[in-house]
Amino acid sequence: MKMKKLLFLVLFPLAIYSLSSCSKATDPTITAAIQQAADDDAAIKAYLLVHPEITGVKDTLGCYYQVVSTGAGAYPTATTTIKGTYTGSLLNGTAFATNASVSAPLSSLIYGWQIVLPHVPIGSKIIMLIPSIYGYGTSGSGAIPANAVLRFDVDLSPPGA
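Numbering (the numbering used here), first residue to last: 798 to 958.
In structure tokens, the structure reads:
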């Protein structure tokens with residue numbers, strides 16, 4: 798009987814501790830990421846209201862894009878080398894890349910490009926509005942501040958170019 802009581806006294810607090818560590822309290826990092834995603838989506842929607850010429854489609858992950866012209870090539874995969882030019886800017890219009898060249902496997906580009914570009918064939922012209930989590934996130938990069946929503950105007954080179 799003493800052994801059962803001792804076992805109970807040792808295991809019961811351990812069980813309570815284990816269960817309490819599974820509480821529904823949310824990790825502050827997750828809470829911040831969820832809030833940032835909501836802020837980014839609101840910023841994109843506000844941007845689209847001010848720019849009615851952009852009729853962006855929202856994909857399931859929260860990236861917006863508009864196909865300006867449809868190319869005749871295949872749809873890119875992770876291993877496809879993406880070639881073309883692009884202009885990148887913040888939603889306030891500040892450009893961080895103008896008529897820049899790209900020639901790299903899709904899998905090596907920012908996640909926003911990896912999410913959107915498989916929706917359009919090579920040779921297309923596209924406008925992408927990328928939430929910060931799929932761009933440079935909380936770190937930023939060079940002239941791109943942390944948590945920046947990005948606009949890319951991309952001209953994918955036609956097949957064989």
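Where is the CB? At the ideal position from N, CA and C, for every residue including glycine.
Residue i, DSSP secondary structure in three states
i       : result
Ser-866 : strand
Ile-919 : coil
Ser-938 : strand
Pro-955 : coil
Residue environment, residue i, which counts as buried when at least 16 other CB atoms sit within 10 Å
i       : result
Asp-824 : exposed
Tyr-861 : buried
Tyr-872 : exposed
Leu-846 : exposed
Val-899 : buried
Gly-964 : Absent from the model: residue 964. The displayed extent of the chain is 798 to 958, so no value can be given.
Gly-957 : exposed
Ile-912 : buried
Gly-885 : buried
Contact check, residue i vs residue j, beta carbons under 8 Å
i       : j       : result
Met-925 : Phe-949 : yes
Gly-909 : Tyr-883 : no
Gly-859 : Asp-838 : yes
Pro-955 : Ala-869 : yes
Val-865 : Ile-923 : yes
Ser-936 : Ala-945 : no
Pro-918 : Thr-867 : yes
Ala-897 : Ile-879 : no
Leu-903 : Thr-874 : yes
Leu-947 : Ile-927 : yes
Leu-888 : Ala-840 : yes
Gln-833 : Ser-929 : yes
Start and end residues, beta strand (DSSP E) containing residue i
i       : result
Val-913 : From DSSP, Val-913 is part of no beta strand (DSSP E) but of the alpha helix (DSSP H) over 908 to 913.
Val-946 : Note, Val-946: premise wrong, no beta strand (DSSP E); not H, not E.
Ignoring anything shorter than 4 residues or poking outside the segment 822 to 906, list the alpha helix (DSSP H) runs there in chain order. 825 to 847
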